[in-house]
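S.K.: Next up is a structure, given as structure tokens.
Below is the structure:
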């Protein structure tokens, strides 16, 4: 079996298929626990013997149990790992795709079956997926040490004791690993595309404007970017809530003395409290506690503003969102039910949405129940329109942008298979045959599904290789997106009048 030499030691993978080698669970940083907990990532400890890398590394602390993926077990510490898929026979250096998973900054991992890189490697890429810290470990605000325990150094640069946005710093460390090691796997460190979906897509937007990530990638793909960011004040308020639920002091010492398991459980209790309290404001509808913090250092300001100012104009961007994003969150029970006009009006008030927005959706959906109107508005608020805004502002800042929309649906006698959040991932990765993914795509794939997956894999591979996915770039004005569908009859774009109303929306920050 192939052995690859990395900067920390030799690794051995396995055959993912006859023509692709997978090398799994390679540490790119030290375990972020013990003395390194809540710190910026530290270098991985080197090894000399060939390391067996034939299984995914442990996932970061979380309570989620995702189909087909390993769950977190307390005591698992070597969570900062990457996985590489590369063609078994490489001639020259291939373009590299680095994937960042989503999961509301709270759950998920690179071991999810959606993200197997075999099909993309077969299409001519070297594919890297990574784990990073999520939940409080990755995005919780840790107050400065008490004076007698403080450390010198600038914030967030690896010398500050407990920087915000540790999950983003993990991603930067993984990109540095790619820069330093990917040539050994047949990849070109000078042609790297970073990609992600949902929270992973917003992470990509953050990386595009972070000084620490500059030069580590050259193109970007963002599917269903999620809108919230947190101010330092909101992040600190969340820490106080979680610490109270965990029964510890909201201090660096108190939080560090509380186990990761206890902070995961405490976070879940805070989420449940919001979910069960209709009077708790915007967090009631889909409680997300953690998000990138606009800390003035790691993430100096809102990425949208920096993109509009041209901070990443040299990075080509490919965006996509699904037509019916929020129907998934409703189906899995993570969203509040809004089924009356009174509750819909309260939802609009809680998010400060403009007058006329709901009326515009009702006009476009004249026979839809209140729940469907709510799901359509909320999906565009959190994902669809935010992704569109991301694209438009990057184009305004001088960057090249390619827009797309996933609208593959099926009408069956007893149900509708929707183009909901995450449904595009098995298609873009070419992973339609995994039984764990049938819920996402609505059952076994059809021949038309396979043809669509082939086109999406090819578009990603071509964009990563050349910056051209197969359709023209958009400019800074609203533009029709390339539509991914199997039947040639996509839904209409959001009506122009409704899009004009969205232009008045400042996308929500996380609120206390």
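Numbering (our numbering), first residue to last: 15 to 526.
All C-beta atoms, glycine included, are put in the ideal place defined by N, C-alpha and C.
On a predicted model such as this, the values are computed, not experimentally measured, just so you know.
Here's the rule I'm using: 16 or more other beta-carbon atoms within 10 Å means buried, otherwise exposed. How should residue 510 be labelled?
M.R.: Around the C-beta of residue 510, fewer than 16 other C-beta atoms lie within 10 Å, and the residue is accordingly described as exposed.
S.K.: Please give me, in chain order, every unbroken run of the beta strand (DSSP E) with length at least 3 that falls completely inside the stretch 166 to 225.
M.R.: 201 to 211
S.K.: Hey, could you find the ends of the alpha helix (DSSP H) residue 61 is sitting in?
M.R.: From DSSP, residue 61 is part of no alpha helix (DSSP H); its letter is neither H nor E.
S.K.: Do residue 223 and residue 322 have their beta-carbon atoms positioned less than 8 Å apart in this structure?
M.R.: no
S.K.: Who are the Cβ neighbours of residue 393 in its own chain at under 7 Å, not counting the five residues just before and after it?
M.R.: 338, 339, 340
S.K.: Using a threshold of 8 Å, state whether the C-beta atoms of residue 256 and residue 273 are closer than that.
M.R.: no
S.K.: As a quick exercise: from 390, 212, 229, pick the residue whose alpha carbon is nearest that of residue 238.
M.R.: Of the candidates 390, 212, 229, the one whose C-alpha sits nearest the C-alpha of residue 238 is 212.
S.K.: Which same chain residues end up closer than 7 Å to residue 11 when comparing Cβ atoms and leaving out the 5 residues on each side of it in sequence?
M.R.: No statement about residue 11 is possible, as the shown extent of the chain runs from 15 to 526 and does not include it.
S.K.: State buried or exposed for residue 219, treating a residue as buried only when at least 16 other CB atoms are found within 10 Å of its CB.
M.R.: buried
S.K.: With residue 249 and residue 307 assumed to form a contact (beta carbons below 8 Å), what rounded beta-carbon distance in angstroms separates them?
M.R.: Rounded to the nearest angstrom, the Cβ distance from residue 249 to residue 307 is 5 Å, consistent with a contact under 8 Å.
S.K.: Helix, strand or coil, according to DSSP, for residue 478 in the structure here?
M.R.: helix
S.K.: Do residue 477 and residue 114 count as a contact pair if the criterion is CB distance below 8 Å?
M.R.: Against a cut-off of 8 Å, the Cβ pair of residue 477 and residue 114 comes out as no contact.
S.K.: Do residue 30 and residue 475 have their C-beta atoms closer together than 8 Å?
M.R.: No, the Cβ-Cβ distance between residue 30 and residue 475 is not below 8 Å.
S.K.: For residue 114, which residues does DSSP report across the bridge?
M.R.: 144, 210
S.K.: Would you kindly check if the distance between the Cβ of residue 93 and the Cβ of residue 73 is under 8 Å?
M.R.: yes
S.K.: Within 8 Å, do at least three Cβ pairs link the stretch 444 to 459 to the stretch 120 to 134?
M.R.: Yes, the stretch 120 to 134 is in contact with the stretch 444 to 459.
S.K.: Is residue 408 near the ligand SAM - that is, is its Cβ less than 7 Å away from at least one heavy atom of it?
M.R.: Ligands in the displayed structure: none, and consequently the ligand SAM is not present.
S.K.: Is DSSP giving residue 281 helix, strand or coil here?
M.R.: helix
S.K.: For the 8 Å Cβ check, are there 3 or more pairs between the stretch 102 to 116 and the stretch 133 to 153?
M.R.: yes
S.K.: Between the Cα of residue 389 and the Cα atoms of 335, 404, 350, 413, which residue gives the shortest distance?
M.R.: For the residues 335, 404, 350, 413, the minimum Cα distance to residue 389 belongs to 350.
S.K.: Which two residues bound the contiguous alpha helix (DSSP H) that contains residue 95?
M.R.: Where residue 95 is concerned, there is no enclosing alpha helix (DSSP H), although the beta strand (DSSP E) it sits in stretches over 95 to 101.
S.K.: Would you say the stretch 393 to 402 touches the stretch 512 to 521, given that touching needs at least three Cβ pairs under 8 Å?
M.R.: yes
S.K.: Could you spell out the range, first to last residue, of the beta strand (DSSP E) harbouring residue 381?
M.R.: Here residue 381 belongs to no beta strand (DSSP E), and DSSP marks it neither H nor E.
S.K.: Less than 6 Å between C-beta atoms, sequence neighbours within five positions excluded: which residues of the same chain meet that for residue 496?
M.R.: 418, 485
S.K.: Let me confirm a value: residue 80 is counted as buried when at least 16 other C-beta atoms fall within 10 Å, else exposed. Which label applies?
M.R.: buried
S.K.: Could you spell out where the alpha helix (DSSP H) holding residue 408 opens and where it closes?
M.R.: Per DSSP, residue 408 belongs to the alpha helix (DSSP H) from 399 to 410.
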